[in-house]
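In what follows, a single structure is set out as structure tokens and then discussed.
In the working numbering, the protein residues as written are 606 to 858.
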């Protein structure tokens with residue numbers, strides 16, 4: 606019972622924190638320098654790892670799915686680009702980009718802000734009449750909402766290229782056939798659903814990581830514990846948000 610109570614108390618703290626961050630959106634949008642800096646650190650610097658890992662995932666999927674289809678019926682591997690395109694745009698691209706964001710960015714953000722908290726740098730900002738949430742949290746949240754759709758789009762492209770390489774190499778699927786079946790299965794609605802997922806996930810994940818950093822206590826050990834909580838919670842929420850939004854979108858035609 607106590608654990609359940611503490612869960613809802615922390616959930617309330619999180620929503621209060623999120624509302625405070627949202628209240629600073631207009632001010633940060635009018636003065637976007639901090640947002641641009643965070644887009645660079647969150648988005649641009651994540652591009653190489655996103656492309657490299659997504660390309661490898663695409664090759665694995667192309668190989669395994671192509672082999673599976675050939676076992677069912679010879680000559681059917683060429684149709685896998687359609688299934689791969691839909692699955693990648695709707696699910697794999699957004700969730701894969703979100704998990705990379707969690708591992709590379711969210712952990713770093715929590716550690717940075719947590720260190721500032723335990724060394725009283727956040728208190729120093731308050732004494733200088735600088736709102737720490739508007740200065741440290743909101744720019745990162747906005748940058749996450751902008752960066753994740755871009756990273757997710759790159760992940761989708763890299764996965765599709767990786768699948769094309771393996772299906773072409775192992776099963777002789779030519780480029781025109783691969784693109785034709787990918788387009789045949791794709792709908793514009795899937796693209797908008799994917800973008801909506803990534804915008805929401807980007808905002809939530811960066812809010813969670815800044816929240817845990819902002820309420821860190823206990824020195825170096827506390828920073829480590831806050832980082833662990835941030836990564837675990839963010840990873841779970843990324844998958845949960847993907848599931849919830851996929852369910853909602855499936856009923857909206």
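From the three backbone atoms N, C-alpha and C, an ideal C-beta is built for every residue, glycine too.
Quick caveat: nothing in here was measured; it's all calculated off a predicted structure.
Supposed close pair residue i, residue j - CB separation, criterion 8 Å
{"i": "residue 811", "j": "residue 746", "result": "5 Å"}
{"i": "residue 644", "j": "residue 748", "result": "5 Å"}
{"i": "residue 711", "j": "residue 814", "result": "4 Å"}
{"i": "residue 754", "j": "residue 700", "result": "In fact, because the Cβ distance is near 13 Å, the residues do not count as touching under 8 Å."}
{"i": "residue 756", "j": "residue 655", "result": "5 Å"}
{"i": "residue 841", "j": "residue 694", "result": "Not really, about 23 Å apart at Cβ, beyond 8 Å."}
{"i": "residue 789", "j": "residue 663", "result": "In fact, because the Cβ distance is near 19 Å, the residues do not count as touching under 8 Å."}
9 Å Cβ cutoff met for residue i and residue j
{"i": "residue 742", "j": "residue 626", "result": "yes"}
{"i": "residue 765", "j": "residue 690", "result": "yes"}
{"i": "residue 622", "j": "residue 738", "result": "yes"}
{"i": "residue 715", "j": "residue 831", "result": "yes"}
{"i": "residue 719", "j": "residue 828", "result": "yes"}
{"i": "residue 698", "j": "residue 752", "result": "no"}
{"i": "residue 802", "j": "residue 846", "result": "yes"}
{"i": "residue 657", "j": "residue 670", "result": "no"}
{"i": "residue 659", "j": "residue 702", "result": "yes"}
{"i": "residue 818", "j": "residue 686", "result": "no"}
{"i": "residue 709", "j": "residue 758", "result": "no"}
{"i": "residue 633", "j": "residue 624", "result": "no"}
{"i": "residue 696", "j": "residue 835", "result": "no"}
{"i": "residue 775", "j": "residue 672", "result": "yes"}
{"i": "residue 636", "j": "residue 820", "result": "no"}
Own chain residues within Cβ distance below 7 Å of residue i, not counting five before or after
{"i": "residue 750", "result": "804, 807, 808"}
{"i": "residue 854", "result": "798"}
{"i": "residue 730", "result": "737, 740"}
{"i": "residue 843", "result": "700, 703, 704, 707, 806, 810"}
{"i": "residue 661", "result": "767"}
{"i": "residue 642", "result": "none"}
{"i": "residue 816", "result": "619, 622"}
{"i": "residue 833", "result": "none"}
Where the alpha helix (DSSP H) containing residue i begins and where it ends
{"i": "residue 722", "result": "712-723"}
{"i": "residue 697", "result": "Premise fails: residue 697 is in no alpha helix (DSSP H) and is neither H nor E."}
{"i": "residue 625", "result": "607-628"}
{"i": "residue 691", "result": "685-692"}
{"i": "residue 646", "result": "638-647"}
Own chain, CB closer than 8 Å to residue i, minus 5 neighbours either side, in chain order
{"i": "residue 630", "result": "743, 747"}
{"i": "residue 613", "result": "none"}
{"i": "residue 780", "result": "769, 773"}
Same chain, Cβ closer than 6 Å to residue i, neighbours up to 5 away in sequence not counted
{"i": "residue 721", "result": "727"}
{"i": "residue 783", "result": "686, 769"}
{"i": "residue 653", "result": "none"}
{"i": "residue 649", "result": "none"}
Curious, which full-length alpha helix (DSSP H) runs of at least 4 residues does the stretch 725-766 contain?
-> The stretch 725-766 is shown to contain whole alpha helix (DSSP H) runs of 4 or more residues at 726-732, in chain order.
Return the chain-ordered ranges of every alpha helix (DSSP H) run that is complete within the stretch 757-831 and spans a minimum of 4 residues.
-> If only uninterrupted alpha helix (DSSP H) runs of at least 4 residues are considered, those enclosed by the stretch 757-831 are 780-790, 793-819.
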